[in-house]
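Trainee:
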DNA sequence: ACAAAAGTGTTAGTGCTACACCCATGT
DNA sequence: ACATGGGTGTAGCACTAACACTTTTGT
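Chains as they are written, first to last, in the numbering used here: chain A, 7 to 244; chain B, 7 to 244.
1. Count the other CB atoms within 10 Å of the CB of residue 177 of chain A; is the residue buried (16 or more) or exposed (fewer)?
2. Could you name the residues of chain A that residue 29 of chain B contacts, counting a contact when the two beta carbons are closer than 9 angstroms?
3. Verify the CB distance criterion: does residue 8 of chain B have a CB-CB separation below 9 angstroms to chain A?
4. Check the Cβ of residue 71 of chain A against every Cβ in chain B and list those closer than 8 angstroms, keeping chain order.
5. Could you give the residue range of the beta strand (DSSP E) that holds residue 181 of chain A?
6. Please confirm if residue 49 of chain A has its CB atom under 9 angstroms from at least one CB of chain B.
7. Anything in chain A within Cβ reach of residue 108 of chain B, meaning under 7 angstroms, just list it in chain order.
8. State buried or exposed for residue 171 of chain B, treating a residue as buried only when at least 16 other CB atoms are found within 10 Å of its CB.
9. Between B:120, B:174 and B:102, which lies nearest to residue 149 of chain B when the distance is taken from Cα to Cα?
10. Check whether chain B comes within 9 angstroms of residue 62 of chain A, counting only Cβ atoms and requiring the distance to be less than that.
11. Quick one: does the C-beta of residue 143 of chain B sit closer than 8 angstroms to a heavy atom of the ligand MN?
12. Is there a Cβ from chain A that is less than 9 angstroms from the Cβ of residue 256 of chain B?
13. List the DSSP bridge partners of residue 93 of chain B.
14. Can you have a look at residue 62 of chain B and say buried or exposed, based on whether 16 or more other CB atoms are within 10 angstroms of its CB?
15. I'd like to confirm the pairing. Which residues does DSSP put opposite residue 50 of chain A in its beta bridges?
16. Answer with yes or no whether the minimum CB distance from residue 33 of chain B to chain A is below 9 angstroms.
17. For residue 79 of chain A versus residue 71 of chain A, is the C-beta distance shorter than 9 angstroms?
18. Could you have a look at residue 136 of chain A and say whether DSSP puts it in helix, strand or coil?
19. With three or more C-beta pairs closer than 8 angstroms as the rule, is the stretch 191-203 of chain B touching the stretch 152-171 of chain B?
20. Using a Cβ distance threshold of 8 angstroms, determine whether the stretch 140-156 of chain B contacts the stretch 30-48 of chain B, with at least three qualifying pairs required.
21. Which residues share a DSSP beta bridge with residue 30 of chain B?
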């Protein structure tokens with residue numbers, strides 16, 4: 007019943023060299039929100055098999071960096087942003103997923119304020135990233151459609167339990183903007199009154215006693231996230 | 007703002023050899039339930055740094071196998087069981103997590119019926135696995151305490167949405183047994199009446215119209231899981 | 001005055017929690 | 001007869017879903 011062969015955890019003094027032949031990459035699914043659609047940051051792939059197709063932003067793990075650090079590095083190199091929300095989603099390890107060799111990839115998703123990375127002004131650069139509506143990405147390079155789908159699921163699942171908006175929206179925002187974000191992520195319409203009741207009852211928003219200006223309709227109140235209030239909230243909620 | 011360096015997704019014709027120097031392992035967190043405690047299957051580590059400490063059941067990914075397949079292989083080699091519930095939990099990639107080289111590990115958790123792998127009869131073999139109460143595992147080898155903790159969290163989170171009991175309990179079981187399992191996983195007591203109401207209302211259990219025998223008290227009704235009922239349930243629940 | 005979006009309460013139904021006693025069996 | 005665990009219902013409360021009209025501003 008039991009295979010008692012030595013294995014990596016049980017009994018090795020050293021590991022055969024043939025096992026140290028894989029590469030590990032990190033792919034970042036960087037989400038943004040333009041007020042209407044949920045967007046993802048993509049670059050053009052030049053890998054022969056996927057020439058011209060869009061792909062996620064990723065890179066290889068260097069021998070001396072922690073995997074989580076690599077994810078932050080990639081994000082920072084691509085967007086110039088530090089101190090960003092980032093969470094591991096899943097590892098993908100099919101043998102033939104990468105045409106250039108055995109590459110296992112670990113996907114992370116992150117949320118950034120779309121104004122902090124303006125794809126338009128950067129678009130002139132070769133290899134620069136551009137925003138794509140998640141509902142309209144076509145066939146991506148590698149297994150990136152699968153990775154994107156898994157990340158979206160992850161994001162949806164986290165929406166209820168985390169202050170997702172903190173990262174995707176500007177500092178000050180209206181409740182309608184926040185609701186639009188939730189609707190874009192969940193891909194369904196929400197009831198305005200119920201949404202407001204619930205989101206305000208959680209206590210993670212701060213009413214700034216400030217109104218929108220220069221809008222052609224009744225100006226909305228502005229809110230911001232209330233980090234402290236939220237942190238204490240997390241602790242109380244076991 | 008943007009680093010336009012070529013990277014793995016954007017522009018490579020080949021990947022430098024220095025990146026293909028990592029090993030990838032799969033660690034399986036195999037849970038069982040003895041009617042009272044939640045258990046995990048562990049083996050003795052012989053790796054010098056962790057000599058004698060307990061560790062999870064893991065192995066290296068071979069160059070020609072998919073990562074998910076490796077997890078099933080490990081499980082099968084260790085327990086003789088196929089067709090087991092298995093789910094990826096998280097990838098762990100700190101540089102110094104393995105003393106013998108750069109090894110990124112991907113954790114999977116699985117649930118088996120403890121009677122299908124009797125650690126007692128196997129314990130005579132060197133390197134055979136034995137059951138440990140999850141509340142009483144001490145310091146494990148490598149970063150395995152961290153991996154175990156993450157897997158337990160995962161299991162708790164999945165408890166509400168999946169028929170976890172299907173794998174951990176024998177074919178026929180009583181509601182009290184099922185409740186004990188939930189209590190062991192969540193590590194808290196549940197109300198008997200509320201538990202029964204809820205679990206029966208979900209419709210994933212089949213009343214077998216059969217009673218326990220030879221118990222020194224009123225015999226309990228036996229139930230089994232209702233796979234079809236559950237599968238249709240999953241589909242309807244978006 | 002009109003257009004456009006902001007803001008606001010109530011009701012009905014559903015689900016969760018807390019709680020205590022009688023029942024069937026073996027010894 | 002006693003010990004052991006099996007089995008059952010109800011009431012209060014919290015949360016969710018559905019639903020329509022008035023307010024404020026700019027043009």
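We treat Cβ as the ideally placed atom computed from N, Cα and C, and that holds for glycine.
Mentor: On the basis of the data shown:
1. Your numbering for residue 177 of chain A matches position 171 in the first chain. With fewer than 16 other Cβ atoms within 10 Å, it is exposed.
2. As a working mapping, residue 29 of chain B is identified with position 23 in the second chain. What residue 29 of chain B touches in chain A: 14, 21, 25, 26, 27 and 28.
3. Position 2 of the second chain holds residue 8 of chain B. Low per-residue confidence applies at residue 8 of chain B: pLDDT is 41, beneath 50, and the placement is therefore not dependable enough to give any value.
4. Here residue 71 of chain A corresponds to residue number 65 of the first chain, with the count starting at 1. What residue 71 of chain A touches in chain B: 101.
5. In the first chain, the residue the question calls residue 181 of chain A occupies position 175. Looking at the DSSP string, residue 181 of chain A is not in any beta strand (DSSP E); the run it does join, the alpha helix (DSSP H), is 181-192.
6. Translated into the one-based positions of the first chain, residue 49 of chain A becomes position 43. Judged by the 9 angstroms Cβ criterion, residue 49 of chain A is in contact with chain B.
7. On the second chain, position 102 is the one that residue 108 of chain B refers to. Residues of chain A passing the Cβ test: 69.
8. Locating residue 171 of chain B in the second chain gives position 165, where the first residue counts as 1. Label assigned to residue 171 of chain B: buried.
9. Reading the second chain from its first residue, position 143 is the one you call residue 149 of chain B. When each option's Cα is compared against that of residue 149 of chain B, the closest is B:102.
10. For the purposes of this step, residue 62 of chain A is taken as residue 56 along the first chain, with counting starting at 1. Yes, because at least one Cβ of chain B sits closer than 9 angstroms to the Cβ of residue 62 of chain A.
11. Among the components of this structure there are no ligands whatsoever, and the ligand MN is therefore not found.
12. Since the displayed chain B opens at 7 and closes at 244, residue 256 of chain B lies outside it and no answer follows.
13. Here residue 93 of chain B refers to the residue found at position 87 when the second chain is read from its first residue. Residue 93 of chain B pairs with B:115.
14. Counting from one through the second chain, the residue named residue 62 of chain B turns up at place 56. Flag for residue 62 of chain B reads buried.
15. Against the first chain, residue 50 of chain A aligns to sequence position 44. BP columns for residue 50 of chain A point to A:60.
16. On the second chain, residue 33 of chain B is found 27 positions in, with the first residue counted as 1. Closer than 9 angstroms to some Cβ of chain A, the Cβ of residue 33 of chain B qualifies, so yes.
17. Here residue 79 of chain A refers to the residue found at position 73 of the first chain. Here residue 71 of chain A refers to the residue found at position 65 of the first chain. In this structure, residue 71 of chain A lies closer than 9 angstroms to residue 79 of chain A by Cβ.
18. Position 130 of the first chain holds residue 136 of chain A. Residue 136 of chain A: strand per DSSP, three-state reduction.
19. yes
20. yes
21. Translated into the one-based positions of the second chain, residue 30 of chain B becomes position 24. Partner(s): B:110.
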